[in-house]
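All residue numbers for the sequence shown refer to the working numbering, where the first residue is 1159 and numbers rise by one. Every residue, glycine too, gets a C-beta built ideally from N, C-alpha and C. Small disclaimer: the values here were computed from a predicted structure and weren't measured. Here the structure is laid out as structure tokens; the discussion comes afterwards.
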Amino acid sequence: MYKESNELGGTLDSLLAQNVEKELFVTVDEATPRFIEESKRYQDKVKFIFNKERTGKANALNEAVKYSTGKALLFLDSDIMISEDSNFLKKIIMKLERFDVVDIKKQVIKGKSFLSKMAYYEYFTFNVSSWIANHFMHNCPALNGAAFAIKREIFEKIGGFHKVVAEDIDIATRAFLANSSFTYTVDVEVKNVVHSNWKKWFNQRQRWAIGQALWLKAWFGELAKKFAKKPHVFLPGLFFLYPSVIAFLLSIIIPSLWLYNSMLVFSLFLSVRFHIILPVFLVSLAMADVLKIMAISLTSFGITATVFYGFSRKLGFRELKLHELFAYYFFYSTVWLIIIVIGHIQVLLLGKKAGPDWKT
């Protein structure tokens, strides 16, 4: 964690209550005096590693692993909350007996803010993509690092966390390319607390976009080979992560000729009846593309909403609402996609190597 966390106390209490042999480590960059004081109540049960300077997440986590002795490693961000499940750790251990990497289900705590509501759908898409990869391959090239577990032997074999912006996606990719087995947990989950401040959200998404671009630049060749072998797995995952892209691509691919012809016939009918052919014809040409885009957008949204609803029942996301999904599909995911495109331009064309307010 960085400086302090409002959620950490509850997370530690939940973990300490679990009837499992364990070691708990909290590594903190530039801890505030208030947090240092609060941490004293856990000093006999939890190992705190205080870094006076900001070392970066990858360095901090690798250092914590050096102090540990367990065969199973569970990584949790400081802004998550553990669900009320007394067998939370036992279930993860049981998963690690069969698989090398465990991606834990994550649900955003919906607040009143627009951003928290939109993040709920964003994290839902992360979960669906992980479920698809698990269901069809038992392997996955990416994960959300807010909560995941990995066997120690695999962690050490692939060299731990690398000093990159998207350290969670990077370690998942290396495990994926090493043919490590992967699973996604529907029955084990954590709750995520997300930003409700637009500035913090924008900085975080900028960092994520740049991290994704750097990750893709580093691993594109090897991932492309995997993608070519199993496009039926990767394409649905991309659809869930970036649903508004489908409408955009269809608008480009589907020809407008049939609409032009229909509007032309309509304008000719009006001209015969009302003698106003030229204005109607010009309006018809303009309206053809608009109507095509509207038809494709609404149809693709309807299909997306139906598929999302089906997966929400399967994965236990009970708070999907049509009007919120509409805002997510047509506004939020589009803005997020634009930020991703800008991030890729910054990395691939301008040579940017770090995100805002982040140390690797």
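| query | result |
| --- | --- |
| Pick from M1252, I1194 and S1354 that is closest to G1269, judged by C-alpha positions | S1354 |
| Spatial neighbours of G1501 in its chain, beta-carbon cut-off 7 Å, leaving aside the 5 residues before and after | Q1364, A1367, I1368, Q1370 and A1371 |
| Same chain only: Cβ atoms within 7 Å of L1232, ignoring 5 sequence neighbours per side | I1250 and A1307 |
| Local Cβ density within 10 Å of E1314, reported as buried at 16 or more and exposed below that | exposed |
| N- and C-terminal bounds of the alpha helix (DSSP H) containing M1159 | No alpha helix (DSSP H) holds M1159; DSSP gives it neither H nor E. |
| Opening and closing residue of the alpha helix (DSSP H) in which Y1342 lies | Premise fails: Y1342 lies in the beta strand (DSSP E), F1340 to N1350, not in any alpha helix (DSSP H). |
| Coil, strand or helix - Q1265 by DSSP | strand |
| CA-to-CA distance, K1388 to M1252, given in whole angstroms | 29 Å |
| With 16 other Cβ atoms within 10 Å as the buried cut-off, status of N1452 | Note that residue 1452 is Met in the sequence shown, not Asn. The residue in question, M1452, is exposed, as its Cβ has fewer than 16 Cβ neighbours within 10 Å. |
| Proximal residues to K1375 (C-beta, below 8 Å), its chain only, five neighbours per side dropped | V1505 and L1506 |
| Residue range of the unbroken alpha helix (DSSP H) whose run includes T1518 | Run containing T1518: none; DSSP gives neither H nor E here. |
| For N1209, the first and last residue of its enclosing beta strand (DSSP E) | K1205 to N1209 |
| Nonlocal neighbours in the same chain, by C-beta distance under 8 Å from A1175, ignoring five residues either side | S1244 |
| Close-in-space but distant-in-sequence residues of the same chain around T1341 (CB under 8 Å, 5 per side omitted) | K1253, R1256, F1257, V1259, V1260, D1261, N1292 and H1296 |
| Contact set for I1327: own chain, Cβ-Cβ below 6 Å, skip 5 residues either direction | A1300 and W1373 |
| L1273 - DSSP class collapsed to helix/strand/coil | helix |
| Integer-rounded CB distance, given that E1325 should sit under 8 Å from K1215 | 6 Å |
| Bridge partners - M1239, DSSP secondary structure assignment | K1349 |
| Beta bridge counterpart(s) of K1248 as assigned by DSSP | Partner(s): none; K1248 has no beta bridge. |
| From G1317, V1323 and E1347, residue whose alpha carbon lies closest to that of A1333 | G1317 |
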